[in-house]
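Counting in our numbering, the sequence shown runs from 2 upward without gaps. Positions of the beta carbon are idealized from the N, C-alpha and C atoms, including for glycine. Just so you know, these numbers come straight off a predicted model, no measurement behind them.
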Amino acid sequence: FCAWAATAMAMQYAGVDVNLYDVFAASTIGFSFAYFNVNDTMLMFPGALYTQAEPTNYLADLYGIDYILYVDASIPSLEQNLQVWESEGLTVGVVDGEDEAFDLMRDTIDTGYPLLISVDPSWLPAPDYDILRTEGLTGGGHGIVLVGYNDTDRTATYLDPGVGSFGDDFGYPADGRGNYSVITYTALNNAWSNRFYISNTFLPNGETLSKRDDSLGPLIRDKLLGVGPIYSPSSANAYLGNFGEKAFRAMSTDMTTEGLTSFLSVFDGIADEVKFKASAIMFIGLGLESQVTLQYLSYRTALEALPAIMNETDLSDFIAAGQQAFPHFEVIADNSTLIYPTNFTQATGFVATTFKAIADSFNASGNMESAFAPYADELDTISAALLGVADAWLAAGNELAVYWPNDFISQYGSVLAFGIGGALVVVVLFFWWSSKKPSQ
Numbered sequence: 002f003c004a005w006a007a008t009a010m011a012m013q014y015a016g017v018d019v020n021l022y023d024v025f026a027a028s029t030i031g032f033s034f035a036y037f038n039v040n041d042t043m044l045m046f047p048g049a050l051y052t053q054a055e056p057t058n059y060l061a062d063l064y065g066i067d068y069i070l071y072v073d074a075s076i077p078s079l080e081q082n083l084q085v086w087e088s089e090g091l092t093v094g095v096v097d098g099e100d101e102a103f104d105l106m107r108d109t110i111d112t113g114y115p116l117l118i119s120v121d122p123s124w125l126p127a128p129d130y131d132i133l134r135t136e137g138l139t140g141g142g143h144g145i146v147l148v149g150y151n152d153t154d155r156t157a158t159y160l161d162p163g164v165g166s167f168g169d170d171f172g173y174p175a176d177g178r179g180n181y182s183v184i185t186y187t188a189l190n191n192a193w194s195n196r197f198y199i200s201n202t203f204l205p206n207g208e209t210l211s212k213r214d215d216s217l218g219p220l221i222r223d224k225l226l227g228v229g230p231i232y233s234p235s236s237a238n239a240y241l242g243n244f245g246e247k248a249f250r251a252m253s254t255d256m257t258t259e260g261l262t263s264f265l266s267v268f269d270g271i272a273d274e275v276k277f278k279a280s281a282i283m284f285i286g287l288g289l290e291s292q293v294t295l296q297y298l299s300y301r302t303a304l305e306a307l308p309a310i311m312n313e314t315d316l317s318d319f320i321a322a323g324q325q326a327f328p329h330f331e332v333i334a335d336n337s338t339l340i341y342p343t344n345f346t347q348a349t350g351f352v353a354t355t356f357k358a359i360a361d362s363f364n365a366s367g368n369m370e371s372a373f374a375p376y377a378d379e380l381d382t383i384s385a386a387l388l389g390v391a392d393a394w395l396a397a398g399n400e401l402a403v404y405w406p407n408d409f410i411s412q413y414g415s416v417l418a419f420g421i422g423g424a425l426v427v428v429v430l431f432f433w434w435s436s437k438k439p440s441q
């Protein structure tokens with residue numbers, strides 16, 4: 002959640018009274034999930050990770066903030082990316098290397114506002130990231146907020162929402178690390194350049210959306226119900242993936258013995274087949290637990306925050322329907338996979354331990370049937386929990402459809418009526434003209 006926590010900070014600096022839970026709700030990421038199972042690829046994305054720029058732009062518009070995304074000229078497929086971003090309503094700036102990126106930092110801070118940037122956290126000085134340096138893990142993205150700079154000392158001051166979020170130092174950083182930390186320009190450039198100098202500005206424009214409920218209601222409805230083009234408006238992913246309740250419904254089918262063995266059969270005959278499949282089984286379990294946990298944390302808090310944001314609508318039935326997902330999420334969710342992302346032995350949740358046991362059994366025997374058979378009940382429980390989430394999201398989405406109908410007639414009735422009316426006029430005029438025209 003680092004990018005979203007950093008977004009909440011930047012929005013607060015811009016004068017918007019929001020916290021992290023409000024951001025989960027108003028950006029709609031708390032009500033979003035994506036799942037892909039195509040050939041040899043299985044991917045799961047909670048709303049917080051599936052896409053960030055478009056929901057951030059929507060959030061900013063909702064609260065009267067001008068949001069600009071900046072990237073470096075060296076980013077791969079720059080022109081294609083610019084076309085996609087701009088087609089989705091984003092304003093995008095391009096910086097050319099270190100000098101222009103640091104000038105953007107100075108100019109933004111000089112106007113009184115911070116700069117949210119994406120960095121490789123292995124270059125950040127906090128001891129929380131020692132594990133990344135020890136393991137040689139680099140290149141990952143992490144959001145921090147630059148709030149000051151000193152050209153004389155060649156240092157920058159930043160806020161880091163990542164400290165205390167994982168590892169042995171998990172917990173609120175009472176020692177103050179992460180608050181107004183200092184980093185050298187050299188380390189900052191190494192961290193920032195590895196992420197193509199991705200930067201975000203949030204500047205107030207005073208034009209808050211007047212009909213907030215009428216904007217959020219239909220969007221959250223479609224996110225929950227899994228309307229593909231809403232998730233990926235400019236991509237074929239809209240038709241390749243499963244989204245919202247449909248994602249959980251598809252995972253419910255795929256996380257059974259039959260579903261998993263069918264997916265793994267794609268790798269029949271490859272080199273080191275047993276070892277590869279055992280690893281795949283383990284990582285599917287770790288991925289399922291960690292990604293669903295992230296979704297549960299953002300969904301639960303977004304559901305709590307939404308009534309205060311959509312305060313012109315009675316959301317009691319929607320909230321009641323949405324809360325039905327909680328016990329099903331709790332079957333799968335466990336923080337251990339998030340707290341120790343690089344140490345699989347510390348993953349102690351129900352899903353992770355079940356899949357690790359299956360993986361160990363298959364690695365020892367090489368027999369798929371005997372590896373899965375002892376864990377049929379556990380997989381049935383996991384499948385049922387995923388189906389329970391799907392049913393709750395479907396019910397919650399349909400509750401919003403009571404206020405904002407999504408059936409064809411309700412959405413296009415006026416257009417249809419206008420079209421039919423126009424066609425009738427054409428027919429009447431044709432017969433009138435025919436009656437006046439001499440017979441041939």
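1) Considering only residues of the same chain and omitting the five flanking positions on each side of Ala65, which have a CB-CB separation below 7 Å?
2) Would DSSP call Gly270 helix, strand or coil?
3) From Met369 to Ser384, what does the alpha carbon distance come to, in whole angstroms?
4) Between Tyr300 and Gln324, what straight-line distance do the alpha-carbon atoms span, to the nearest angstrom?
5) Just curious, the beta strand (DSSP E) that Gly389 is in, first and last residue?
6) Rounded to the nearest angstrom, what separates Leu307 and Lys278 at their Cα positions?
7) Taking the alpha carbon of Trp405 as the point to measure from, which residue in Ile221, Ser291 and Glu331 has its own alpha carbon closest?
8) So the candidates are Ser317, Ile320, Leu79 and Ala353; which of them puts its Cα closest to the Cα of Val332?
9) Are the beta-carbon atoms belonging to Ile184 and Thr153 less than 8 Å from one another?
10) Would Ser78 and Ile199 be called neighbours here (beta carbons separated by less than 8 Å)?
11) In the DSSP assignment, what are the bridge partners of Gly149?
12) I'd like to know whether the C-beta atoms of Ala237 and Pro230 end up nearer to each other than 8 Å.
13) In or out: Leu44 buried (at least 16 other Cβ within 10 Å) or exposed?
14) Rounded to the nearest angstrom, what separates Ala309 and Ser216 at their Cα positions?
15) Less than 8 Å between the beta carbons of Tyr71 and Ile110, yes or no?
16) For the structure I just gave you, are there three or more beta carbon pairs, one from the stretch 287-301 and one from the stretch 29-48, closer than 8 Å?
17) Below 8 Å on the Cβ atoms is my guess for Phe34 versus Ala248; work out the distance and round it to an integer in Å.
18) Tell me which residues share the same chain as Ala4 and place their Cβ nearer than 6 Å to its Cβ, disregarding the 5 neighbours each side in the sequence.
19) Just to confirm, is the Cβ distance from Leu21 to Ala11 under 8 Å?
20) Looking at the strands, I want to know which residues DSSP matches up with Asn104.
21) Check whether the Cβ atoms of Ala192 and Asp104 lie closer than 8 Å to each other.
22) Hey, out of Glu80, Ala348 and Leu401, whose CA is closest to Gly286's CA?
23) Measure from the alpha carbon of Thr338 to the alpha carbon of each residue in Ser366, Gly389, Met283 and Ala372, then state which is nearest.
24) On the CB-based measure, 16 or more other CB atoms within 10 Å of its CB, does Asp335 come out buried or exposed?
25) Among the residues of its own chain, which have a CB less than 7 Å from the CB of Gly90, if the five just before and after it don't count?
26) Quick test of your reading: Asp255 and Asn38, contact by CB under 8 Å. State the CB separation rounded to the nearest angstrom.
27) Would Leu63 pass as a contact of Arg213 if the rule is Cβ separation under 8 Å?
28) Have a look at Tyr173 and Asp381 and give me their C-alpha separation to the nearest angstrom.
29) Applying the criterion that 16 or more other CB atoms from any shown protein chain within 10 Å of the CB defines a buried residue, is Ile271 buried or exposed?
30) Would you kindly check if the distance between the Cβ of Gly140 and the Cβ of Asn195 is under 8 Å?
31) For Ala175, count neighbouring Cβ atoms within 10 angstroms of its own Cβ and tell me buried if that reaches 16, exposed if not.
32) Sorted by chain position, which residues of the same chain lie with C-beta nearer than 6 Å to Trp124's C-beta, five sequence neighbours on each side aside?
33) Looking at Lys164: is its Cβ nearer than 8 Å to the Cβ of Pro115?
34) Nearest-angstrom Cα distance between Val466 and Val95?
35) On a Cα-Cα basis, can you pick out the residue from Phe25, Gly242, Gly367 and Leu226 that is closest to Asp273?
36) What does a CB cutoff of less than 8 Å around Val416 pick up in its chain, not counting 5 residues either side in sequence?
Working from what's here:
1) Numbered from 1 along the sequence shown, position 64 holds the residue referred to as residue 65. The residue asked about is misnamed: residue 65 is Gly in this sequence, not Ala. Pro205, Asn206, Gly207, Glu208 and Thr209.
2) Within the sequence shown, residue 270 is the residue found at index 269, counting from 1. In this structure, Gly270 counts as coil in the three-state DSSP scheme.
3) Taking the sequence shown and counting its residues from 1, the one referred to as residue 369 is at position 368. Taking the sequence shown and counting its residues from 1, the one referred to as residue 384 is at position 383. Distance between the alpha carbons of Met369 and Ser384: 19 Å.
4) What you label residue 300 is simply residue 299 of the sequence shown in a count that begins at 1. What you label residue 324 is simply residue 323 of the sequence shown in a count that begins at 1. Tyr300 and Gln324: Cα-Cα distance of roughly 10 Å.
5) Your numbering for residue 389 matches position 388 in the sequence shown. Here Gly389 belongs to no beta strand (DSSP E); instead the alpha helix (DSSP H) covers Ala377 to Tyr404.
6) For the purposes of this step, residue 307 is taken as the residue at position 306 of the sequence shown. For the purposes of this step, residue 278 is taken as the residue at position 277 of the sequence shown. The straight-line gap from Cα to Cα measures roughly 42 Å.
7) Counted from its first residue, the sequence shown places residue 405 at position 404. That would be Ile221, whose Cα lies nearest to the Cα of Trp405.
8) In the sequence shown, counting from the first residue as 1, residue 332 sits at position 331. Nearest of Ser317, Ile320, Leu79 and Ala353 to Val332, Cα basis: Ala353.
9) Residue 184 sits at position 183 when you count from the first residue of the sequence shown. Residue 153 sits at position 152 when you count from the first residue of the sequence shown. No; because the gap between Cβ atoms is not below 8 Å, this pair is not in contact.
10) As a working mapping, residue 78 is identified with position 77 in the sequence shown. As a working mapping, residue 199 is identified with position 198 in the sequence shown. No, they are not a contact pair.
11) The sequence position of residue 149 within the sequence shown is 148, counting from 1. In DSSP, Gly149 forms a bridge with Thr158.
12) Within the sequence shown, numbered from 1, the residue matching residue 237 stands at position 236. Within the sequence shown, numbered from 1, the residue matching residue 230 stands at position 229. Result no, Cβ atoms of Ala237 and Pro230 do not sit closer than 8 Å.
13) Counting from one through the sequence shown, the residue named residue 44 turns up at place 43. Leu44 should be labelled exposed.
14) Counted from its first residue, the sequence shown places residue 309 at position 308. Counted from its first residue, the sequence shown places residue 216 at position 215. Distance between the alpha carbons of Ala309 and Ser216: 15 Å.
15) By 1-based counting over the sequence shown, the position of residue 71 is 70. By 1-based counting over the sequence shown, the position of residue 110 is 109. It is not a contact, given that the beta carbons lie outside the stated cut-off.
16) yes
17) The sequence position of residue 34 within the sequence shown is 33, counting from 1. The sequence position of residue 248 within the sequence shown is 247, counting from 1. With a Cβ gap of about 5 Å, Phe34 and Ala248 count as contacting.
18) Taking the first residue of the sequence shown as 1, we reach residue 4 at position 3. For Ala4, where only same-chain residues beyond five positions count, the Cβ hits under 6 Å are Gln53 and Gly144.
19) The count along the sequence shown starts at 1 and reaches residue 21 at position 20. The count along the sequence shown starts at 1 and reaches residue 11 at position 10. Not in contact: Leu21 and Ala11 (Cβ atoms no closer than 8 Å).
20) On the sequence shown, position 103 is the one that residue 104 refers to. The question names Asn, but residue 104 in the sequence shown is Asp. Its beta-bridge partners do not exist; DSSP assigns none.
21) Taking the first residue of the sequence shown as 1, we reach residue 192 at position 191. Taking the first residue of the sequence shown as 1, we reach residue 104 at position 103. In this structure, Asp104 does not lie closer than 8 Å to Ala192 by Cβ.
22) As a first step, residue 286 must be located in the sequence shown, where it is residue number 285. Closest by alpha carbon: Ala348.
23) In the sequence shown, the residue the question calls residue 338 occupies position 337. Comparing Cα positions, the closest option is Met283.
24) Against the sequence shown, residue 335 aligns to sequence position 334. Asp335 should be labelled buried.
25) Counting from 1 along the sequence shown, the entry for residue 90 is found at position 89. The answer, listed in chain order, is Asn58.
26) Residue 255 sits at position 254 when you count from the first residue of the sequence shown. Residue 38 sits at position 37 when you count from the first residue of the sequence shown. Going by Cβ atoms, the distance from Asp255 to Asn38 rounds to 6 Å, so yes, they are a contact pair.
27) In the sequence shown, counting from the first residue as 1, residue 63 sits at position 62. In the sequence shown, counting from the first residue as 1, residue 213 sits at position 212. In contact: Leu63 and Arg213 (Cβ atoms closer than 8 Å).
28) Position 172 of the sequence shown holds residue 173. Position 380 of the sequence shown holds residue 381. Distance between the alpha carbons of Tyr173 and Asp381 is about 37 Å.
29) Counting from 1 along the sequence shown, the entry for residue 271 is found at position 270. Per the 10 Å Cβ criterion, exposed.
30) Along the sequence shown, one-based indexing puts residue 195 at 194. Along the sequence shown, one-based indexing puts residue 140 at 139. Their beta carbons are under 8 Å apart, which means Asn195 touches Gly140 by this criterion.
31) Position 174 of the sequence shown, counted from the start, is the residue given in the question as residue 175. Exposed, because fewer than 16 other Cβ atoms sit within 10 Å of the Cβ of Ala175.
32) Taking the first residue of the sequence shown as position 1, residue 124 is located at position 123. Same-chain partners within the cutoff: Ala188, Asn191 and Ala192.
33) Mapped onto the sequence shown, residue 164 falls at position 163. Mapped onto the sequence shown, residue 115 falls at position 114. According to the sequence as given, residue 164 is Val; it is not Lys. No, Cβ-Cβ distance for Val164 and Pro115 is not below 8 Å.
34) Nothing about residue 466 can be reported from this structure: the residues present for the chain run from 2 to 441 only.
35) Position 272 of the sequence shown, counted from the first residue, corresponds to residue 273. That would be Gly367, whose Cα lies nearest to the Cα of Asp273.
36) Against the sequence shown, residue 416 aligns to sequence position 415. With a pLDDT of 41 at Val416, under the threshold of 50, the modelled position of that residue is not reliable, and the figure given next carries that caveat. Here the set comprises nothing.
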